[in-house]
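Report on one structure; see the data block that follows.
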Ligand SMILES: Nc1ncnc2c1ncn2[C@@H]1O[C@H](COP(=O)(O)OP(=O)(O)OP(=O)(O)O)[C@@H](O)[C@H]1O
Ligand SMILES: Nc1ncnc2c1ncn2[C@@H]1O[C@H](COP(=O)(O)OP(=O)(O)OP(=O)(O)O)[C@@H](O)[C@H]1O
Ligand SMILES: [Mg+2]
Ligand SMILES: [Mg+2]
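Chains as they are written, first to last, in the working numbering: chain Z, 494 to 812; chain U, 453 to 960; chain C, 29 to 374; chain A, -4 to 343.
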């Protein structure tokens, strides 16, 4: 394979692999920027995948070709509501945020599988009839080289993920809402004395993270897994959490980190076909994505500064 | 009467504590009104009530004659009340402008109009002579600047009643002077100010009236021109207070600490200490005077092993201790009362008792062969708590729950009790009330009289003048002058600290 | 030796005095691996076998026949014991993962009969059921070799190991038998639950020009189907095919009017389970034996649902090879070593 | 009426009851009989000595993985990598178990030690990266989990065996299995590991609360600056914390390798012993005794749940939901405490 061919196969693969992680990691960024640790991303993805699949199966006759889009929307809404559990526990009830997040992971899987058994009478759902499909973008895909690399055979949801990363960056760093949200994660009392509703902001942030986690999970389910079972979401949420930290709590950083994971995974699979890498024992290719991540962190990413108030529950009138 | 603020018979309780009881505070338009009281008297609480952070159990608040229910800082802002908190409410990673506009940002469509915001901040800052850079990040500017940002924050919100909670505790004399200028220009613009401070001199200098709180109870309000510091102090404490600490003449003996040609870089790699030479003898207190940021912190960090020096040498007696680990340095006979008690001095989540052995936990009788002996530890803590008058429910209470003064007394107890040869005390009385200051000063002099060397770092000229036997003026990383307190005055010291030579300072 | 004693003890306090009221005294149960009885795969198939057996012999669920589901590999032994203590006469362990557990428990309870599916365990009271997946895979390889236009085909395995290697070896052998020059790309996802990796591998294979992929990888295969269907959707003319595994995966391949599932290598665990249960009921329990079910027993077969794709030519070729295998003319390799010898001999 | 101490004990009990109550409501809502469901759960966990033995067996690794997470948390580190450390511990113990022929008095301790060492090494890497380069331990430990999974599989397949799916059984001399315990519990797989787990819980308590090392570890966990000021070596303590945490996790692996299974097979995914350990630690409030109790609860629910579908038709997933709710309730102890105090006031 020529270098170009390799790129041409790696890029779309990296992107579709990364897309669900991007959505979810962006959710993580929102939550953590507001000061709430979100270890429950895995659970939010599970919930999103479950809702996305179930809705798709149930309403495919109603919404026709729009079914996957409506499904991810519904998954977002339901997961946002589900995230309320984390919000109530960690913001209002002052629960340890890590504890609450861990509980979210258990709860989502429990509910998802329990209801699957109730509704389908088996451990996994059927495959959806109408998942997302890739497309070539009209006009753009005709551009030489670039068209083949970036605009052919891509999921629209992947573009959505990338666009959303920029939107998130814009919201967090350019709008009053973003400024306030970040202030709440850095110094909630300062925000409070400036008349910002700390609890309100944190609720909103956690629910956004629920919506985005649900989006990530449902996109994963509707582009890759096509059904829901205990084996649908297995660690993608934790990888997204890693992307949040790897990306230094920045939306574009998280985007980069998720794409990095996508590239590394794709490379490890394409690797066996590349002359230089084909002699490398399989095991090294298999662990390469994870080792590369550690090396990248140790080598040049280094110390990342978390939002200052991350993990602290804010108690009005306390110092 | 044209009171802008009236707080009548306020009562505020916390679980188990009555922080304010029957406190009345009336502020006239255009005055600087001092609020005075010991640590924990309830000053901050009262102001937080006024600012809407706490809700009072009883009492009434009137703003400009109208009864007001201030349930939220937003309401306080709308009523024109602004507050600069004792612990700054600034987001470190934000710029000056972002901090100021946060919560009421000028907008351009959906965006923060940052250009417009910066312009507004610049204008405001020029109008009151505050001189801040709107684009600077908070973490990169000095404490004094940060405080101005806090003031700007209130002005930006259109406050005409400003609450300043202990604004001068963290400032250098120069900065205090500038702050006073700022306050006066604010009054000039028709604003009113409530000022909390433990420094009676400041009250005498700038305030019109003064309200005193003692243990949560309102004691009364006096006209400053009709009173004097002694009266204020006794009103506050409820007994007579002596001010200048009694001390005999020092009797310096052999050299304990000697520093030769020391060079130290700070975190950013900038050389902050440049060829510094200094000696401290047994039985004397050497005060380091200087404007913050002239290398004092780096010097102390280098001596105590927290920072590496790049060249030169530090010796205790005849033993070179440069670049030893903090543990080795303490073991060689140095005690250190750190500048920032929360960050360095204490593990706030440990019981106060365990904090008492933070430097000695690995030695007998507190542990033996790696096994701790908590009985001995708490016994020791108990006796130190008694000896150093640390007010705490018991030795098992978390250090976090103690007031700043009591935390500081605990640290001093711990450090002094180790019978070191050299005590390094960095800003040992920052933010403390007169009673606590008196106590700490007495202790330091006692230690000197026992033949120990004391190196005192303070930005408080009063403290330097009162306590030191010898004053080393530090400027731009060097000791530029070595003077006796009785041969100088604050005026001259100030000039030396600003980088003038001894001759020039003497001439003026 | 003392296992018998404890067995009696257990039965004296066991709550289900099940066998007495039933139409026969025989009762049978199974323990799933972590997939569960509704995994749409061999666990489900096994359970269907038991249900059919129960129906045939008038047994009632919970008493005459039952299952216990495992949530992790630590649960196998617990579940086996649970069933032993309920006095089932015959207990199946479904899946090679249960092999050590069956062996251990069977040793402790010599009076109960056990049967392990997909693995071999020694013991007088154990009947080992294995399948000649390599035979079915061989036919899948034959079908793939006939279907491919690029002469490149792919294999996606779950976790690299003896069992899946059997699928791989048979498949490669089948394809090479048809056309020795055919290239077979073999990849393992190292997981039965990594649809994303499955999709990456499939995407990579199809983009290299491979047009038929045989997967033996559980839920990882979902990704393979997703990729094939996506290509098909965008380019209905392009030939992309998936060969399913364990059961007929026709439904998984459906996309609009067309279907990417060329065929599936069907493994009828139900037939085997029913068969062994019947033997045991009739007092002919094949204890200590290894029973291999293969093409000859119709326990292994090739699905013919996709008539459009699986043309007459291909079917007749498949039939041809099937006859050769059943007759013993062809000895299908079941390990990589055997495969090597086999390919060299071509 | 209630002292502070009683309140502290009441909170977990109330949380567990609330969790079970919620589970009952869910069962009712879906048409199951909650009494039958919980009876099945109870019988599944304690129905007779066999199941009791199995429950205790399941509790054993949970104690250790819970202690591993708790130990790290006590020193301010979130070790999500316990899962991977369990894997390498399991691998090391089995490897020593099959590779050597030694008298039991040496073989067993050696195998256990190897597991602790392997886990410690797996904790050392994120530890040193955190201490020296400030790399966030959460990402590194997540990555190390995957590396552990794949490397362990590879070693089982191609190093210890020649292309097999699982190792041979460990030599009897390296086994934790106890005929005595097994016989007493009708051949459950209860093994001597439980004693090790309890002993390690004691060690953790002793280490953290009674030794100077523990004092330093806790101090560094709360305030690195003050610890440095007090002459403690902050980096060393961070590394040490991760190493000890990893060693505990490695021992959890040894429980599986030398006790429950006696071999290691190629795994297609995580065992969840490590991830469940996070929940166990948090339920146990990161204290040694708390972890032991939480592990017991966890093991009971997990083993008992297996009996639910057979005996009452309730899907096992219900237990996952109940566990999640219990964790939520424990985490929200603030509100429970508040309610208790309310009652207390009114009771007066
Ligand atoms: N958040 C709180 N919770 C409980 N008690 C509090 C709280 N804040 C203050 N207190 C109590 O109220 C009393 C008054 O505290 P406050 O902070 O108002 O003192 P202060 O006069 O500002 O002291 P300082 O001079 O040290 O700033 C304290 O003695 C303390 O016991
Ligand atoms: N959250 C709290 N809960 C209980 N008591 C508190 C709390 N916060 C403060 N206090 C009490 O308030 C009193 C005064 O505390 P404060 O921090 O104002 O002291 P301080 O001398 O001003 O210290 P600092 O050095 O921080 O300025 C102390 O007695 C302390 O016990
Ligand atoms: Mg105060
Ligand atoms: Mg104070």
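Think of the CB as a built atom: it goes at the ideal place given N, C-alpha and C, for glycine as much as any other residue.
Heavy atom of ligand 1 within 7 Å of residue 855 of chain U beta-carbon: Locating residue 855 of chain U in the second chain gives position 403, counting from the first residue. Under cutoff, so the answer is yes.
Taking the Cβ atom as the reference point for each residue, do residue 539 of chain Z and residue 602 of chain Z lie within a distance shorter than 8 Å? Here residue 539 of chain Z corresponds to residue number 46 of the first chain, with the count starting at 1. Here residue 602 of chain Z corresponds to residue number 109 of the first chain, with the count starting at 1. With contacts defined as CB atoms closer than 8 Å, residue 539 of chain Z and residue 602 of chain Z qualify as a contacting pair.
Selection from C/148, C/156, C/244 and C/121 that minimises the alpha carbon distance to residue 169 of chain C: Residue numbering aside, residue 169 of chain C sits at position 141 when the third chain is read from its first letter. When each option's Cα is compared against that of residue 169 of chain C, the closest is C/244.
Hey, could you find the ends of the beta strand (DSSP E) residue 369 of chain C is sitting in? Residue 369 of chain C sits at position 341 when you count from the first residue of the third chain. First-last for residue 369 of chain C: 364 to 373, but that is the alpha helix (DSSP H), not the beta strand (DSSP E).
Neighbour flag for residue 70 of chain A against chain U, beta carbons, 8 Å: Within the fourth chain, the letter at position 75 stands for residue 70 of chain A. False, the Cβ-Cβ gap to chain U never drops below 8 Å.
In whole angstroms, what separates the C-alpha of residue 581 of chain Z from that of residue 571 of chain Z? Locating residue 581 of chain Z in the first chain gives position 88, where the first residue counts as 1. Locating residue 571 of chain Z in the first chain gives position 78, where the first residue counts as 1. Rounded to whole angstroms, residue 581 of chain Z to residue 571 of chain Z spans 16 Å at the Cα level.
Classify residue 771 of chain U as helix, strand or coil using the three-state DSSP reduction. Here residue 771 of chain U corresponds to residue number 319 of the second chain, with the count starting at 1. Strand at residue 771 of chain U.
Select from the segment 763 to 785 of chain U all residues with a C-beta closer than 9 Å to any C-beta belonging to chain A, and list them in chain order. 777, 778, 779, 780, 781, 782 and 783
Less than 8 Å between the CB atoms is what I'm expecting for residue 616 of chain U and residue 536 of chain U, so what's the real figure, rounded? If you number the second chain from 1, residue 616 of chain U lands on position 164. If you number the second chain from 1, residue 536 of chain U lands on position 84. About 5 Å; that satisfies the 8 Å criterion.
Kindly list the residues whose CB is nearer than 8 Å to the CB of residue 42 of chain A, restricted to its own chain and excluding five residues on each side of it in sequence; keep chain order. Translated into the one-based positions of the fourth chain, residue 42 of chain A becomes position 47. The answer, listed in chain order, is 302.
Residue span of the alpha helix (DSSP H) that contains residue 491 of chain U, given as start and end: Position 39 of the second chain, counted from the first residue, corresponds to residue 491 of chain U. Looking at the DSSP string, residue 491 of chain U is not in any alpha helix (DSSP H), and its letter there is neither H nor E.
For residue 287 of chain C, which of C/307, C/335 and C/242 has the nearest alpha-carbon? As a position in the third chain, residue 287 of chain C is number 259, starting the count at 1. Across the set C/307, C/335 and C/242, the C-alpha of C/335 shows the shortest separation from the C-alpha of residue 287 of chain C.
Whose Cβ in chain A lies nearer than 7 Å to the Cβ of residue 814 of chain U? Stepping through the second chain from its first residue, residue 814 of chain U is reached at position 362. Taking a Cβ-Cβ cut-off of 7 Å, the neighbours of residue 814 of chain U in chain A comprise 207, given in sequence order.
Quick one: what does DSSP say residue 589 of chain U is sitting in, helix, strand or coil? Position 137 of the second chain, counted from the start, is the residue given in the question as residue 589 of chain U. In the structure shown, residue 589 of chain U sits in a strand (DSSP, three-state: E or B).
Candidates U/727, U/790, U/468 and U/911: which alpha carbon is nearest residue 876 of chain U's? Translated into positions along the second chain, residue 876 of chain U becomes position 424. The residue with the shortest Cα to Cα distance from residue 876 of chain U is U/790.
Euclidean distance between Cα positions of residue 566 of chain Z and residue 576 of chain Z: Counting from 1 along the first chain, the entry for residue 566 of chain Z is found at position 73. Counting from 1 along the first chain, the entry for residue 576 of chain Z is found at position 83. Cα to Cα, residue 566 of chain Z sits roughly 15 Å from residue 576 of chain Z.
Continuous beta strand (DSSP E) assignments of at least 3 residues falling wholly in the segment 596 to 665 of chain U: 613 to 617 and 644 to 648
Starting from residue 539 of chain U, trace the beta strand (DSSP E) in both directions and tell me its first and last residue. Working through the second chain from its first residue, we reach residue 539 of chain U at position 87. Careful: residue 539 of chain U lies outside any beta strand (DSSP E) and carries neither H nor E.
Here's the rule: buried if 16 or more other CB atoms are within 10 angstroms of the residue's CB, otherwise exposed. What is residue 510 of chain Z? Counting from one through the first chain, the residue named residue 510 of chain Z turns up at place 17. With 16 or more other Cβ atoms within 10 Å, it is buried.
Residue burial classification, residue 559 of chain Z (beta-carbon count within 10 angstroms, cutoff 16): Translated into the one-based positions of the first chain, residue 559 of chain Z becomes position 66. So residue 559 of chain Z ends up on the exposed side.
Going by the beta-carbon positions, is the gap between residue 547 of chain U and residue 587 of chain U smaller than 8 Å? Within the second chain, the letter at position 95 stands for residue 547 of chain U. Within the second chain, the letter at position 135 stands for residue 587 of chain U. Against a cut-off of 8 Å, the Cβ pair of residue 587 of chain U and residue 547 of chain U comes out as a contact.
Any chain Z beta carbon closer than 8 Å to residue 228 of chain C: Your numbering for residue 228 of chain C matches position 200 in the third chain. Answer yes: the Cβ-Cβ gap between residue 228 of chain C and chain Z drops below 8 Å somewhere.
Beta-carbon within less than 8 Å of residue 317 of chain C's beta-carbon, same chain only, minus the 5 sequence neighbours each way: which residues are those? Looking up residue 317 of chain C in the third chain gives position 289. So the qualifying residues of the chain are 155 and 156.
Classify residue 292 of chain C as buried or exposed, calling it buried when 16 or more other Cβ atoms lie within 10 Å of its own Cβ. Within the third chain, the letter at position 264 stands for residue 292 of chain C. Under this definition residue 292 of chain C is a buried residue.
Return yes when the C-beta of residue 25 of chain A is under 7 Å from any heavy atom of ligand 1, and no when it is not. The residue given as residue 25 of chain A occupies position 30 in the fourth chain. Checking the Cβ of residue 25 of chain A against ligand 1 gives no.
Would you check if the distance between the CB atom of residue 802 of chain Z and the CB atom of residue 678 of chain Z is smaller than 8 Å? The residue given as residue 802 of chain Z occupies position 309 in the first chain. The residue given as residue 678 of chain Z occupies position 185 in the first chain. Cβ atoms of residue 802 of chain Z and residue 678 of chain Z: closer than 8 Å.
Could you tell me which chain A residues have their CB closer than 7 Å to the CB of residue 593 of chain Z, listed as they occur along the chain? Position 100 of the first chain, counted from the start, is the residue given in the question as residue 593 of chain Z. Correct list: 323 and 326.
Proximity test, residue 858 of chain U beta-carbon vs ligand 1 heavy atom, cut-off 7 Å: Stepping through the second chain from its first residue, residue 858 of chain U is reached at position 406. No; taking the cut-off as 7 Å, the Cβ of residue 858 of chain U has no heavy atom of ligand 1 nearer than that.
What residue does the alpha helix (DSSP H) around residue 556 of chain Z start on, and which one ends it? Taking the first residue of the first chain as 1, we reach residue 556 of chain Z at position 63. Secondary structure note for residue 556 of chain Z: its alpha helix (DSSP H) is the uninterrupted segment 534 to 556.
Can you find the residues in the same chain that come closer than 7 Å, C-beta to C-beta, to residue 675 of chain U, ignoring five residues on each side of it along the sequence? In the second chain, counting from the first residue as 1, residue 675 of chain U sits at position 223. Once the five neighbours on either side are set aside, the close Cβ partners of residue 675 of chain U are 661.
Boundaries of the alpha helix (DSSP H) in which residue 307 of chain A is found, first to last residue: The residue labelled residue 307 of chain A in the question sits at position 312 within the fourth chain. Here the alpha helix (DSSP H) through residue 307 of chain A covers 283 to 307.
Kindly indicate which three-state DSSP category residue 11 of chain C falls into: helix, strand or coil? Outside the modelled stretch of chain C, which goes from 29 to 374, sits residue 11 of chain C, for which no answer is possible.
Nearest by alpha-carbon distance to residue 485 of chain U: which of U/522, U/940 and U/645 is it? Reading the second chain from its first residue, position 33 is the one you call residue 485 of chain U. Selected option, being the one with the closest Cα: U/645.
For residue 217 of chain A, return the contacting residues in chain U, with the cut-off set at a CB-CB distance below 8 Å. Walking along the fourth chain from the start, residue 217 of chain A turns up at place 222. Going along chain U in sequence order, the residues near residue 217 of chain A (Cβ under 8 Å) are 799, 800, 801 and 802.
Closer than 7 Å to a non-hydrogen atom of ligand 1 - does that hold for the CB of residue 469 of chain U? The residue labelled residue 469 of chain U in the question sits at position 17 within the second chain. Residue 469 of chain U Cβ: within cutoff of ligand 1.
Go ahead and pull the three-state DSSP assignment for residue 733 of chain U. Here residue 733 of chain U corresponds to residue number 281 of the second chain, with the count starting at 1. Per DSSP, reduced to three states, the secondary structure at residue 733 of chain U is strand.
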